[in-house]
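*Asks:* Here the sequence shown is numbered in our numbering, starting from 735 and rising by one per residue. Glycine is no exception: its CB is placed at the ideal position from the N, C-alpha and C atoms. Please see the structure below; I have some questions.
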Amino acid sequence: MRWLDFTVNKEEFSDDDCIVEWMAELSVQLKDLYIVDFDGASEEYHFTIMKKEDCKKAMDLFKKMAAHIEGYIDTSFVITGDFQG
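Below, the structure written as structure tokens:
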């Protein structure tokens with residue numbers, strides 16, 4: 735396991751916003767880290783925060799893990815500041 739150390743400016747998050755806005759803001763605040771969503775063909779978010787150098791490897795592994803599941807379409811993507819949900 736790799737430990738991540740980061741802080742966020744909580745003032746930039748509003749109770750009036752939803753997870754889409756929170757994720758976009760968080761992605762802007764995380765320096766040298768990515769938020770990766772591993773979409774399991776559902777309406778839920780399955781994400782992790784990881785170092786940029788681990789991102790491609792994790793996305794490739796997710797694709798390989800899901801490849802044998804019939805009818806399953808896997809997608810994984812990096813959440814950025816222009817995230818729309």
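Report back the beta-carbon spacing between residue 772 and residue 740 to the nearest angstrom; my notes put them in contact at under 8 angstroms.
*Replies:* Stepping through the sequence shown from its first residue, residue 772 is reached at position 38. Stepping through the sequence shown from its first residue, residue 740 is reached at position 6. About 20 angstroms separates the two Cβ atoms, so there is no contact after all.
*Asks:* Assign residue 806 to buried or exposed, taking buried as 16 or more other Cβ atoms, counted over all protein chains shown, within 10 Å of its Cβ.
*Replies:* Within the sequence shown, the letter at position 72 stands for residue 806. Exposed is the call here.
*Asks:* Quick check on residue 738: buried or exposed, where buried means 16 or more other Cβ atoms within 10 Å of its Cβ?
*Replies:* Reading the sequence shown from its first residue, position 4 is the one you call residue 738. Exposed is the call here.
*Asks:* Is the number of C-beta pairs between the stretch 753–768 and the stretch 800–819 that are closer than 8 angstroms three or more?
*Replies:* Counting C-beta pairs with one atom in each stretch, the stretch 753–768 and the stretch 800–819 have three or more that are closer than 8 angstroms, which means they touch.
*Asks:* Between residue 779 and the ligand FAD, is there a pair consisting of the residue's CB and a ligand heavy atom that are separated by less than 6 angstroms?
*Replies:* By its list of ligands, the structure shown contains no ligand whatsoever, and the ligand FAD lies outside what it can speak to.
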